[in-house]
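Residue numbers (my numbering), protein chains in the order written: chain W, 5 to 325; chain X, 2 to 309.
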Amino acid sequence: MSNSKRINLQQAAEIVRDGSSLTFSGFTIWRRPMAVVFELIRQHRKGLHLIEVNGGSHTEFLVGAGCVDIWESCWVGHELYGKYGANLSRRVANKEIIVEDYSHAEMLFRFAAAASGAPYAVTQTSLGTDLHNPEYDMLGRAGLRDGKRIAKHKYQFTEDPFFGAGSQVLIPAAKVDVAVVCAQQVGEEGTVRVSGQYYSDPEVARAADITIVMAEEIVPEEYLRREADRNTIASFEVDYILECPLGAHPTGMFGRYDVDGAFLKDFYGKTRTQEGFDDFAKEWIFGLDHLSYLEKLGWPRMLGLRANTALNYSTGVKRGQ
Amino acid sequence: MTMGNDYANPEEYGLADLLCCAASREVQDNEIVFAGTGLPMVAIMLAQKTHAPNLKLIFEAGTLDGRPPELPTSVGDARCEMGASRSSGLHDAFSIAQRGYVDLGFLGGAELDEYGNVNTTVIGDYLEPELRLTGSGGNPDINSFAKRTVFIMVHEKRRFTKNVSYITSPGWRVKKWPGGEFVHRRELYGFAYRGGPSAIISTLGVFRFDAQSGRIYLDTCHPGKSPREIADMCQFDLDLSRVSGETLPPTREELRIIHEVLDPEQIFIPRVKPVHPVREPAAVAPSSATSAGVNVLPGGSPVVQPPS
Numbered sequence: 005m006s007n008s009k010r011i012n013l014q015q016a017a018e019i020v021r022d023g024s025s026l027t028f029s030g031f032t033i034w035r036r037p038m039a040v041v042f043e044l045i046r047q048h049r050k051g052l053h054l055i056e057v058n059g060g061s062h063t064e065f066l067v068g069a070g071c072v073d074i075w076e077s078c079w080v081g082h083e084l085y086g087k088y089g090a091n092l093s094r095r096v097a098n099k100e101i102i103v104e105d106y107s108h109a110e111m112l113f114r115f116a117a118a119a120s121g122a123p124y125a126v127t128q129t130s131l132g133t134d135l136h137n138p139e140y141d142m143l144g145r146a147g148l149r150d151g152k153r154i155a156k157h158k159y160q161f162t163e164d165p166f167f168g169a170g171s172q173v174l175i176p177a178a179k180v181d182v183a184v185v186c187a188q189q190v191g192e193e194g195t196v197r198v199s200g201q202y203y204s205d206p207e208v209a210r211a212a213d214i215t216i217v218m219a220e221e222i223v224p225e226e227y228l229r230r231e232a233d234r235n236t237i238a239s240f241e242v243d244y245i246l247e248c249p250l251g252a253h254p255t256g257m258f259g260r261y262d263v264d265g266a267f268l269k270d271f272y273g274k275t276r277t278q279e280g281f282d283d284f285a286k287e288w289i290f291g292l293d294h295l296s297y298l299e300k301l302g303w304p305r306m307l308g309l310r311a312n313t314a315l316n317y318s319t320g321v322k323r324g325q
Numbered sequence: 002m003t004m005g006n007d008y009a010n011p012e013e014y015g016l017a018d019l020l021c022c023a024a025s026r027e028v029q030d031n032e033i034v035f036a037g038t039g040l041p042m043v044a045i046m047l048a049q050k051t052h053a054p055n056l057k058l059i060f061e062a063g064t065l066d067g068r069p070p071e072l073p074t075s076v077g078d079a080r081c082e083m084g085a086s087r088s089s090g091l092h093d094a095f096s097i098a099q100r101g102y103v104d105l106g107f108l109g110g111a112e113l114d115e116y117g118n119v120n121t122t123v124i125g126d127y128l129e130p131e132l133r134l135t136g137s138g139g140n141p142d143i144n145s146f147a148k149r150t151v152f153i154m155v156h157e158k159r160r161f162t163k164n165v166s167y168i169t170s171p172g173w174r175v176k177k178w179p180g181g182e183f184v185h186r187r188e189l190y191g192f193a194y195r196g197g198p199s200a201i202i203s204t205l206g207v208f209r210f211d212a213q214s215g216r217i218y219l220d221t222c223h224p225g226k227s228p229r230e231i232a233d234m235c236q237f238d239l240d241l242s243r244v245s246g247e248t249l250p251p252t253r254e255e256l257r258i259i260h261e262v263l264d265p266e267q268i269f270i271p272r273v274k275p276v277h278p279v280r281e282p283a284a285v286a287p288s289s290a291t292s293a294g295v296n297v298l299p300g301g302s303p304v305v306q307p308p309s
């Protein structure tokens, strides 16, 4: 039995089971593991519980495809390229999905708590808002707060017992089964080097029970260990690795390629309806694998997105009007 | 302002220019400013290049004291961190904010009430939503942690409402749970109280809040708008007793910096050519019927569309 952590795209998606709770690396439309997301859709994964610091285009794909029963987060959209999550919005209105709202900092602190083995975090954000409205505890309303993976309460409030600083909000640790991290480099033993802003990747990788890293390239472990201070996630925090160049497309990756804004705009424009989503998925996901997806995108498009190695972003991509 | 009074004539600028300059003038030198995506980012960088050269810029995704040479399209952008003091992640950005470092944050919203409560979550009943929007993002966080916040909003009567559908971001009078009765935010925040919304820059005027009551009042009208006209575009009774005049237009130097230095690609701020009719600034006004929300990012900022 080899102790290799290497797997392929199909195997990565198979680790995520129907009903798993799942989280991702990245930030809105940056460094999302899209190739794994597309494979989950091809495999018709059902009943997923997404718990995310923030959502983005990957959320919209999974939700549109009907893979998600519960979405716990704070925001979804495509930034400049699509102003809200039309698929999530449609499915919430149809009551096909449970949405549990927290604030961005609350979600981040929930992952930080889980990553440090604490059952909850304490914060002073969002006091007085409807985020804290007890009527809007949607997992509670659905009878899903069993105190096992899903916390018994959405929030608890307390007064600071140490310094008398007033109202404090207690928020439950984000307990997740699987994190899929998309990064520039991973070593053969699992050491991850993220270049650029690392968003909430260290927290999500540590919080999840199983962490899969999909990297642009698998590099010799010794190479990363020569400058350990530049690494982001330690080898033993990672359970599986796979190499998948351009695997974040249409989201962007610091130093490698820009966001494909035209693709996201097209997706946002065409998937306001379920029929629209299904057509889009038929064209871009089903019947393709990662290589044929890249072939369909074509070299000219991908070269336009390619980052300048001195600047870490593309100088050729069209961003404005 | 250090740039003199070389104000542009109305045909030389668009609404997005006006909002950008009004927002920029809310920034004071040496402040630590939390930047969201879109127009606020241009406004803050404009301040950095004019009257506030020592401001410190924080991007929510994890860039501290950023000085990006090229305009990022979002706070996760690879363009954020070049020239920054430190590039890290959200844990740093939010810890720093909660610690109390942030002087000013720019935010956006779909609905606003007279106490500055803002909704970016849902239109209609939360449990039976007419339209689900983006969600909170970092809007309530920045609004809870910063000393001052400034909102940039599209002004429509349905958005300037008596009661917002959902309080996403806390204004001056907020709900005390579990009962939900309204109290002054000072009562809730305890030691964490630092301030709250200080200005609303809408597409019609600039609004501020009474220090005692926390109620909104009209401060300046954008060129060509009257106080009465603006009051008619609010569902609540707008206090017109403190109108100080007209919103100052952009100076020619500000317009040059916006269009030649900061956003030459017209990502957020379209260039208005003299003679041509003023184009609806794509960057500011969501147009479709479904766009109940100015796009609100995790940074909580309004994004304005070509698309978004």
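Even for Gly, the Cβ is constructed at its ideal location relative to N, Cα and C.
DSSP lists no bridge partner for W/H48.
The beta-carbon separation of W/E64 and W/L92, rounded to 7 Å, stays under the 8 Å limit for a contact. Listed in chain order, the beta strand (DSSP E) elements of length 3 or more contained wholly in the region 30-74 of chain X are 33-36 and 57-60.
C-alpha of X/L189 to C-alpha of X/N164: approximately 20 Å in a straight line.
Contact annotation, X/L105 with X/R149: C-beta distance approximately 5 Å; criterion of less than 8 Å satisfied. W/F284 has a beta carbon lying at 8 Å or more from every beta carbon in chain X. The beta carbon of W/G320 sits no closer than 8 Å to any beta carbon of chain X. Residue contact with chain X for W/S93: present (Cβ-Cβ distance below 8 Å to some residue of chain X).
Looking at the backbone, the Cα of W/D105 and that of W/H53 are separated by about 13 Å. Bridge partners of W/Q172 according to DSSP: W/T162. In the three-state DSSP reduction, W/H108 falls in the helix class (H, G or I). Interface residue (Cβ-Cβ distance to chain W less than 8 Å): X/F146 is classified as such. Interface criterion met: the Cβ of W/C78 is under 8 Å from a Cβ in chain X.
Inclusion of W/L66 and W/I33 in the CB contact set at 8 Å is not warranted, their separation being larger than that value.
When DSSP states are grouped into helix, strand and coil, W/R229 belongs to the helix group. Assignment of X/N120 by DSSP, reduced to helix, strand and coil, places it in the strand class. In terms of beta-carbon proximity, X/F95 lines the interface with chain W, with at least one pair separated by less than 8 Å.
Beta-bridge partners assigned by DSSP to W/E76: W/I55 and W/E104. For the region 76-89 of chain X, the set of positions with a beta-carbon nearer than 9 Å to some beta-carbon of chain W reads V76, G77, D78, A79, R80, C81, E82, M83, S88 and S89 in chain order.
Between the alpha carbons of X/Q99 and W/V198 lies a gap of roughly 26 Å. Apart from the 5 residues on each side of it in sequence, X/G246 sits with its Cβ closer than 7 Å to the Cβ of T221 in its chain, given in chain order. Each residue's CA atom was taken as its position, placing W/A314 and W/G251 some 22 Å apart. Here DSSP, grouped into helix, strand and coil, assigns X/S145 to helix. Within chain X, the C-beta atoms nearer than 7 Å to that of W/V57 come from L91, in chain order. A distance below 7 Å between beta-carbons, with the five flanking residues on each side excluded, links W/F115 to the following residues of its chain, in chain order: V57, A178, S204, E207, V208 and A211.
Going by C-alpha positions, X/E115 is about 9 Å away from X/C235. Residues of the region 205-229 of chain W with a C-beta less than 8 Å from any C-beta of chain X: D205, P206 and E207, listed in chain order.
Beta-bridge annotation (DSSP): W/M257 is paired with W/Y261. Interface criterion met: the Cβ of X/S170 is under 8 Å from a Cβ in chain W.
Around the beta carbon of X/S242, a 10 Å sphere encloses fewer than 16 other beta carbons of the protein chains shown; the residue is thus reported as exposed. Scanning X/P69, X/G181, X/L128 and X/L205 for the CA closest to the CA of X/P228 turns up X/L205.
Close to X/E266, with beta-carbon spacing below 7 Å, are these residues of chain W in chain order: R323 and G324. Counting every other CB atom within 10 Å of its CB across the protein chains shown gives X/D264 a total of 16 or more, marking it as buried.
Each residue's CA atom was taken as its position, placing W/A155 and X/K176 some 24 Å apart. Between W/V223 and W/V196, the CB-CB gap reaches or exceeds 8 Å. At a Cβ-Cβ threshold of 8 Å, W/I101 and W/L143 do not count as neighbours.
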